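Below is one structure, written out as structure tokens, with a few remarks after it.
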Amino acid sequence: MDLIVSKIQRFSLEDGPGIRTTIFLKGCNLRCRWCHNPEALASHPILGVDASLCDGCLRCITMCPQQALSYKDQTIQVDRNLCNNCGLCVKECFRGVFSLCGSYHTAEDLFTKIVEDLPYYTHSGGGVTFSGGEPLMQLTALMPLLKRCNEQGISTIMQTNLSLRFEESVPYVDHYMVDLKTMDNEKHQAWIGANNAEVLENLQKLDAMGASYEVRTPIIPHFNDTADDVLALVAFVKTLRYCKHYRLLAYHSLGLPKYTQFGISVPYDHSQGLDASVYKGLQDLVEKEMNR
Numbered sequence: 001m002d003l004i005v006s007k008i009q010r011f012s013l014e015d016g017p018g019i020r021t022t023i024f025l026k027g028c029n030l031r032c033r034w035c036h037n038p039e040a041l042a043s044h045p046i047l048g049v050d051a052s053l054c055d056g057c058l059r060c061i062t063m064c065p066q067q068a069l070s071y072k073d074q075t076i077q078v079d080r081n082l083c084n085n086c087g088l089c090v091k092e093c094f095r096g097v098f099s100l101c102g103s104y105h106t107a108e109d110l111f112t113k114i115v116e117d118l119p120y121y122t123h124s125g126g127g128v129t130f131s132g133g134e135p136l137m138q139l140t141a142l143m144p145l146l147k148r149c150n151e152q153g154i155s156t157i158m159q160t161n162l163s164l165r166f167e168e169s170v171p172y173v174d175h176y177m178v179d180l181k182t183m184d185n186e187k188h189q190a191w192i193g194a195n196n197a198e199v200l201e202n203l204q205k206l207d208a209m210g211a212s213y214e215v216r217t218p219i220i221p222h223f224n225d226t227a228d229d230v231l232a233l234v235a236f237v238k239t240l241r242y243c244k245h246y247r248l249l250a251y252h253s254l255g256l257p258k259y260t261q262f263g264i265s266v267p268y269d270h271s272q273g274l275d276a277s278v279y280k281g282l283q284d285l286v287e288k289e290m291n292r
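In the numbering used here, the protein residues as written are 1 to 292.
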């Protein structure tokens, strides 16, 4: 069974200790309004378009088998109802207007890419991080790769919303980074499109299994950016015995251009980002409460 990947990022320093290879797996079961990787939501390849690079040669229009491309108001346009994401326009356009997010790989193919940087992992204390999307959506196909990494002694981290089955991965994942957005179930349903009960229950299961993990909360303006929101989250995290760390992540708007690029409607257009003073105040609150 192949894995569908949106991106492979080598020499990453942001997704765990040391130098890491981060594999972004495509497909997510949640629909967070503020998602900064919207191109990774769908479980299939999706066409991206940067119309600013188009010089109007129109070669792509004549080559498109679905007749999904047109040129209007000096701008290349895609009819998403006709486009089947075949990627032919990507190959034909020498200006780089088109890109295709999503490629299929066997576990062995990905393992070969991972071990290319084995010396860097060894000397820096790094490894491989599986992110998304939501990696647990492809857990069955991912398991052989997790086992291969484990056999080779390569550190594995999984970034996950932990709302899906995960138990079989625990022996082969060295550390989990779990996103916990809010304790308010109504907010969770309205902003994320799902109940938060599975996340809370699975965090308690993960804790009971003695796994290594941390909990992270993205702070989103108008969603969970008040002291009451954070205090409720801290109260829950403090009931967990083996949580290594709890930290806040500041919302940023860097993902907004991707919505236009991949033809996805913007459910949350907060282009200003999170106020630095609000973020600092919530960080101080977490530090104070976690140390009580």
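Glycine residues also receive a C-beta, built at the ideal position from the N, C-alpha and C atoms.
All of these numbers come straight from a predicted model, not from anything done at the bench.
With 16 or more other Cβ atoms from the protein chains shown falling within 10 Å of its own Cβ, Q159 counts as buried.
Here the alpha carbons of L162 and H123 stand approximately 30 Å from one another.
The three-state reading of DSSP puts Y251 in coil, since its state is none of H, G, I, E or B.
Where F11 is concerned, the enclosing beta strand (DSSP E) starts and stops at 3-12.
About 7 Å separates the beta carbons of G255 and C35, which is inside the 8 Å limit, making them a contact pair. In this structure, DSSP gives Q261 a helical state, which the three-state scheme calls helix. Closest in alpha carbon position to P221, among L118, A276, E116, is A276. Between the C-alpha atoms of R95 and Q138 there is a straight-line separation of about 34 Å.
In the DSSP secondary-structure assignment, C243 is bridged to Y213.
The C-alpha of D269 lies about 30 Å from the C-alpha of A235.
Counting only the Cα atoms, F223 lies some 31 Å from G210. For the pair Y172 and N150, the CB atoms are nearer than the 8 Å cut-off. With the rule of 3 Cβ pairs closer than 8 Å, the segment 102-116 counts as touching the segment 129-149. Q204 has its alpha-carbon roughly 26 Å from the corresponding atom of T22. DSSP links H175 through a beta bridge to I157. With a 10 Å radius around the Cβ and a threshold of 16 neighbouring Cβ atoms, G126 comes out buried. The beta carbon of L164 lies closer than 6 Å to those of L136 in the same chain, with the five residues before and after it left out. Counted as a single uninterrupted DSSP element, the beta strand (DSSP E) harbouring C101 occupies residues 98-101. If you look at R20, you'll find it in the beta strand (DSSP E) that goes 20-25. In this chain, the beta strand (DSSP E) harbouring K72 covers 69-72.
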